[in-house]
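Written below as structure tokens is the structure these notes are about.
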Amino acid sequence: MLQPYRDQFNAAFSPDKYDDLLYRLNHMTRSSVDFRVAETPCFFPQSLLDELADTGAVLTRQLLENPAYVEASDQTIPPRFCVPNEGPQPNFMTVDFGLVRNADGSVSPRLVEMQAFPSVFGYQDVLAHQYVETFNLDSGLQIHLGGLSDEGYWQLLRDVIVGDHDPENVVLVEIEPDKQKTRPDFRVHEERLHIATVDITRLRKHGNRLFYEHAGREIPIHRVYNRAIVDELERKNIQLPFDYRDDLDVEWAGHPNWYFRISKFSLPYLQHPSVPKAVFLDDWFAHRHLDGLPAERERLLLKPLYSFAGKGIQFAPTDAELQTIPEAERHQYLLQERVRFAPVIATPHGPTQAEIRIMYLWPAGGKLQPAIALVRLGRGLMMGVDHNRDQQWVGGSAALGVVP
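So this is what it looks like as structure tokens:
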């Protein structure tokens, strides 16, 4: 995918251009990109990207328009992390797809997972533009989705993250942000939206208000762009200067409850041709057979519901491995049909799989808007950039849409 762009890019590629790409990324993000950047962007028919975006929107609505699901998702929010004043919809959605090859040679999407949590909206925009500029690609290639222009993309991000507040009173909050691999993304948000990045442990609470310090001043926070993941807070036993349960006088850009409500937990509730079969592990133990789930273990995955970057995933789990999970914790795992994705990207190192993340923005009172696509290229069992670090022509990439 997609000729003639694919062959032309491969033929014109040089290591010097790739080194220039990495230099530009570091310069543009005022940082160091520490995860692997793929040597190539991915050229896709715009019609395929639009299909993925439409499918992700259908799946999102299927969940939010199902009162039984919304009620069931209450159980996913740990009581000590249940934040008041949750809105009726998430501000951010990401939906990940792989591609399978059909008998006639065409490709179809298969859902990997969904997450109502922000992704690297700033960095991904820079990456896509730098591929086009560094490799002197066709300026007609589409970087954004849903008809968004460059200006429209950043205006929508500004509407969702900053809203009608002074940017000084809006902060991007993360755990030890300077140590996160996503810090290049934070720098882009700082540059384009003029907001500060603040370590969540350095927030200050006075009454029901939050503040941060900058240049010796204590500045009130009106809106929080939340990038802190509860799993990491728990894993590192981080003590916060506020309680998530506090009724704070603050708005959330990305209300924390949605991280739990739409997640791997959602998969068993979805009914769509793109969705692989999945069941909660406690249900599997109770029934030992569920309609549509493959009986062959090599066709199954075991996934913890709440983990990032593929942590804890087991391929072809045995009975003994399943039994090691305590009965009280089995509802926190999925047993899922494994889908073998087609290697659709031709590279000098062989055919490569592409996992495509459709990233959506959803302003309050507005519509769910597909905004940009992130691609992960890999040739191993796992698609995350951490799992392909020792290979070439794999890693984080961008989707460039080709319009006939």
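If you read the sequence shown in my numbering, its first letter stands for residue 7, the second for the next number, and so on.
Ideal placement from N, C-alpha and C gives every residue a C-beta, glycine not left out.
Option nearest residue i by Cα separation, candidates the options
| i | options | result |
| --- | --- | --- |
| Asn175 | Arg223, Glu157, Gly152 and Arg267 | Arg223 |
| Thr82 | Ala370, Lys270, Leu306 and Asp396 | Lys270 |
| Asp325 | Glu304, His220, Asp249 and Val179 | Glu304 |
| Arg385 | Ala379, Met365, Ala405 and Phe347 | Phe347 |
| Phe41 | Ala405, Ile225, Arg382 and Gly356 | Arg382 |
| Leu154 | Gln397, Gly402, Ala379 and Gln398 | Ala379 |
| Ser3 | Glu335, Asp184 and Phe49 | Absent from the structure is residue 3, since the part of the chain shown begins at 7 and ends at 410. |
| Thr61 | Tyr366, Asp396 and Pro410 | Tyr366 |
| Trp368 | Asn108, Asp165 and Leu299 | Asp165 |
| Gln342 | Glu182, Tyr275, Tyr231 and Ser114 | Tyr275 |
| Asn32 | Pro376, His278, Asp191 and Trp160 | Asp191 |
| Pro115 | Asp56, Pro96 and Asn142 | Asp56 |
| Gln121 | Leu69, Pro85 and Asn243 | Leu69 |
| Pro416 | Asp396, Pro410 and Gly372 | Because the chain spans 7 through 410 in this model, residue 416 falls outside it and cannot be assessed. |
| Tyr75 | Phe19, Gln277 and Tyr159 | Gln277 |
| His212 | Val106, Pro247 and Lys242 | Pro247 |
| Leu54 | Ser112, Arg30, Trp160 and Asp25 | Ser112 |
| Arg107 | Trp160, Glu71 and Val345 | Val345 |
| Ala63 | Arg363, Pro410 and Ile244 | Arg363 |
| Phe98 | Gln245, Tyr231, Ala334 and Ile244 | Tyr231 |
| Asp253 | Arg30, Glu92, Pro10 and Glu71 | Glu92 |
| Glu361 | Pro73, Glu197, Glu196 and Leu105 | Leu105 |
| Lys197 | Arg86, Trp160 and Pro47 | Note that residue 197 corresponds to Glu in the displayed sequence, not to Lys. Glu197 has its Cα closest to that of Trp160, out of Arg86, Trp160 and Pro47. |
| Ala370 | Thr330, Pro96, Arg241 and Pro410 | Pro96 |
Nearest-angstrom Cβ-Cβ length linking residue i and residue j, presumed shorter than 8 Å
| i | j | result |
| --- | --- | --- |
| Pro349 | Gln359 | 5 Å |
| Leu58 | Phe127 | The Cβ separation is near 17 Å, so there is no contact. |
| Lys309 | Thr140 | Wrong, their Cβ atoms sit about 36 Å apart, outside the cutoff. |
8 Å Cβ cutoff met for residue i and residue j
| i | j | result |
| --- | --- | --- |
| Tyr218 | Ile227 | yes |
| Glu77 | Gly169 | no |
| Leu428 | Ile167 | With the chain covering 7 to 410 only, the question about residue 428 has no answer from this structure. |
| Asp156 | Asn214 | no |
| Val43 | Gly318 | no |
| Ala404 | Arg12 | no |
| Thr203 | Leu162 | no |
| Leu340 | Leu287 | yes |
| Thr66 | Leu374 | yes |
| Leu216 | Gln136 | no |
| Pro376 | Leu151 | yes |
| Ser37 | Arg189 | yes |
| Leu239 | Ile181 | yes |
Same chain, Cβ closer than 6 Å to residue i, neighbours up to 5 away in sequence not counted
| i | result |
| --- | --- |
| Tyr265 | Phe123 |
| Ile149 | Ala134 |
| Val281 | Leu117 |
| His355 | Gln398 and Trp399 |
| Ser125 | Thr100 and Met365 |
| Ser79 | Arg267 |
| His171 | His228 and Arg229 |
| Glu45 | Tyr24 and Trp399 |
| Ala284 | Leu273, Pro274, Leu340 and Gln342 |
| Glu119 | Asp102 and Lys270 |
| Pro357 | Pro349 |
| Pro47 | Tyr137, Ser403, Ala404 and Leu406 |
| Phe87 | Val236 and Tyr250 |
Spatial neighbours of residue i in its chain, beta-carbon cut-off 7 Å, leaving aside the 5 residues before and after
| i | result |
| --- | --- |
| Pro51 | Leu8 and Val408 |
| Ala322 | Arg303, Glu304 and Leu306 |
| Leu147 | Val138, Leu406, Gly407 and Val408 |
| Arg336 | Leu287, Asp288 and Phe291 |
| Pro183 | Arg189, Phe192, Thr203 and Asp205 |
| Pro173 | Leu199, His200 and Ile201 |
| Gln186 | Glu180 |
| Glu327 | Gln320 |
Same chain only: Cβ atoms within 8 Å of residue i, ignoring 5 sequence neighbours per side
| i | result |
| --- | --- |
| Val194 | Met34, Thr35, Gly128, Tyr129, Asp131 and Val132 |
| Tyr312 | Val236, Asp237, Phe266, Ser269, Lys270 and Gln338 |
| Val89 | Tyr250, Arg251, Trp258, His261, Pro262 and Asn263 |
| Ala18 | Phe141 |
| Asn72 | Tyr275 |
| Pro84 | Val236 and Phe266 |
| Arg30 | Gln136, Glu139 and Thr140 |
| Ile244 | Ile181, Ile206, Thr207 and Glu238 |
Continuous alpha helix (DSSP H) assignments of at least 4 residues falling wholly in the stretch 289–342: Within the stretch 289–342, the complete alpha helix (DSSP H) runs of at least 4 residues are 325–329.
Length at least 4, wholly inside the stretch 21–45: the alpha helix (DSSP H) runs in chain order: For the stretch 21–45, whole alpha helix (DSSP H) runs of length 4 or above, ordered along the chain, are 21–35.
Uninterrupted alpha helix (DSSP H) stretches inside the stretch 165–220 (no shorter than 4 residues): Correct list: 189–199.
Sequence ranges, alpha helix (DSSP H) only - wholly within the stretch 85–143, length at least 4: Taking only runs of at least 4 residues, the alpha helix (DSSP H) segments lying wholly in the stretch 85–143 are 127–140.
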